[in-house]
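The numbering used here numbers the first residue of the sequence shown as 1 and each following residue consecutively.
Note sheet for the following structure.
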Amino acid sequence: MHLSKKGIKGILVNGTNGEGMAMSVAERKLVVETWVKAVEETKQHLMVQVGGVPLPDVIELAKHASSLPVNSILCLPELYFKPTTSKQLIEYLEIVGEAAPKTPLLYYHFPVMTNVNIHMGQFLESIGDKIPSFVGIKFTSNNLEEGAHALHADNGKFVIFLGNDQLMDAASVVGFDSFIVTTLNIFPEHIQQLLTVYKNGDILKARDMQEKLTSAVIAIMKHGNWVQSMKTAMTLLTDFNIGLPREPLKPISSDAVAIMTKELTNLGYQPKVKHY
1 MHLSKKGIKG
11 ILVNGTNGEG
21 MAMSVAERKL
31 VVETWVKAVE
41 ETKQHLMVQV
51 GGVPLPDVIE
61 LAKHASSLPV
71 NSILCLPELY
81 FKPTTSKQLI
91 EYLEIVGEAA
101 PKTPLLYYHF
111 PVMTNVNIHM
121 GQFLESIGDK
131 IPSFVGIKFT
141 SNNLEEGAHA
151 LHADNGKFVI
161 FLGNDQLMDA
171 ASVVGFDSFI
181 VTTLNIFPEH
191 IQQLLTVYKN
201 GDILKARDMQ
211 EKLTSAVIAI
221 MKHGNWVQSM
231 KTAMTLLTDF
241 NIGLPREPLK
251 PISSDAVAIM
261 TKELTNLGYQ
271 PKVKHY
């Protein structure tokens, strides 16, 4: 309800910050079922990330999502027997698509975390109609040259969501208009205003707004990995206590929380005093 009131049109669950890969299959199903009930009221698009586990579990999670009123499925690549070619990745996604043939399928491109470095432009140029349910990708990368190729692949056939919080203004310049970024949970009004300002042609103001967002991301990220630090920031800057990260991740130290609080305050934010 909070994000809906802020104008956020869609929800991605069991992704990176949702720590889907740290949960059991049963827990992931429960999260999806809970969100299905939530979006009945908010009418938001519900995207479910089903990858990051052995293929039999991916298939089970895809089938589960497709049995519910889920709007789309997002899937990481195989993380042990990693695909190294577009052909291998397509063959993997064909299996996922066959498990949920009526639910739109997207690929989750996050090479820093997966070490799967298949070029997304070339991948999208080669996939054609091999997977009838396939509609696009989440592009979590800073390689905007590759991202631009993906945007224009097969005459712009596919939807491309950018997953990089610090490049939204630059990505808009090369044609991105869809975003799935963690900081929408923390600064939804700021990000939506940034995109509106860019669409209205005020590139300099959009750049300034991006720089403010980037400064906040830098202040947050220096204290741990993405999940550890962003969960802390969400607890400090929203009305929700997000809780601690799951093992093997550890919460950041109390000293790091104090430094983050001070730096965010210096940037003009008002972190809350929270107990961990």
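Quick reminder that beta carbons are idealized off the backbone N, C-alpha and C, glycines included.
Evaluate residue i with the Cβ neighbour count: other Cβ atoms within 10 Å of its Cβ, from every protein chain shown; 16 or more gives buried, anything less gives exposed.
{"i": "Asp202", "result": "exposed"}
{"i": "Thr235", "result": "buried"}
{"i": "Thr183", "result": "buried"}
{"i": "Lys9", "result": "exposed"}
{"i": "Leu264", "result": "buried"}
{"i": "Asp129", "result": "exposed"}
{"i": "Gly52", "result": "buried"}
{"i": "Gly268", "result": "exposed"}
{"i": "Tyr198", "result": "buried"}
{"i": "Asn14", "result": "buried"}
{"i": "Ile90", "result": "buried"}
Closer than 6 Å by C-beta to residue i: which residues in its own chain qualify, once you throw out the five before and the five after it? Chain order, please.
{"i": "Leu55", "result": "none"}
{"i": "Thr256", "result": "The amino acid at residue 256 is misidentified as Thr; the sequence shows Ala. His223, listed in sequence order."}
{"i": "Lys6", "result": "Pro188"}
{"i": "Lys205", "result": "Val197"}
Is the distance from the Cβ of residue i to the Cβ of residue j below 7 Å?
{"i": "Lys222", "j": "Pro245", "result": "no"}
{"i": "Thr114", "j": "Pro77", "result": "yes"}
{"i": "Ile160", "j": "Ile191", "result": "no"}
{"i": "Pro101", "j": "Ser133", "result": "yes"}
{"i": "Met47", "j": "Ser72", "result": "yes"}
{"i": "Thr140", "j": "Gly163", "result": "yes"}
{"i": "Ala99", "j": "Ala62", "result": "yes"}
{"i": "Val135", "j": "Pro104", "result": "yes"}
{"i": "Ile180", "j": "Leu30", "result": "no"}
{"i": "Cys75", "j": "Val36", "result": "no"}
{"i": "Leu194", "j": "Met209", "result": "yes"}
{"i": "Ile127", "j": "Gly97", "result": "no"}
Beta-carbon within less than 8 Å of residue i's beta-carbon, same chain only, minus the 5 sequence neighbours each way: which residues are those?
{"i": "Asp57", "result": "Val25"}
{"i": "Asn17", "result": "Thr182, Asn185, Trp226, Val227, Met230, Lys231"}
{"i": "His275", "result": "A caution first: His275 carries a pLDDT of 49, below 50, which makes its placement in the model unreliable, though a value can still be read off. Contacts found: none."}
Can you tell which of the options has the C-alpha that lies nearest to the C-alpha of residue i?
{"i": "Leu237", "options": "Ile8, Pro271, Glu146", "result": "Pro271"}
{"i": "Lys262", "options": "Asn225, Phe240, Ile220, Gly224", "result": "Ile220"}
{"i": "Leu249", "options": "Gln228, Tyr269, Ala233, Leu30", "result": "Gln228"}
{"i": "Thr85", "options": "Val70, Asn71, Asn117, Pro104", "result": "Asn117"}
{"i": "Tyr107", "options": "His119, Leu93, Ala99", "result": "Leu93"}
{"i": "Glu145", "options": "Ile131, Asp129, Ile127, Val174", "result": "Val174"}
{"i": "Met168", "options": "Glu33, Asn200, Arg207, His152", "result": "Arg207"}
{"i": "His2", "options": "Asn17, Gly156, Val39", "result": "Val39"}
{"i": "Glu27", "options": "Val181, Gly156, Glu60, Glu91", "result": "Glu60"}
{"i": "Leu213", "options": "Ser178, Gln166, Ile11", "result": "Gln166"}
{"i": "Phe176", "options": "Lys157, Ile218, Asn200, Leu151", "result": "Leu151"}
Give every residue of the same chain whose Cβ lies closer than 7 Å to the Cβ of residue i, excluding the five residues on either side of it in the sequence, and list them in chain order.
{"i": "Asp154", "result": "Leu124, Glu125"}
{"i": "Ser277", "result": "Beyond the ends of the chain as shown, which are 1 and 276, falls residue 277; an answer cannot be given."}
{"i": "Ala170", "result": "Leu144"}
{"i": "Pro251", "result": "Gln228, Leu244, Pro245, Tyr276"}
At 4 residues or longer, and completely inside the region 102–126: list those alpha helix (DSSP H) runs for me, N to C. 111–114
Can you check the region 6–46 for any beta strand (DSSP E) of at least 3 residues that lies completely inside it and give the ranges in chain order? 10–13
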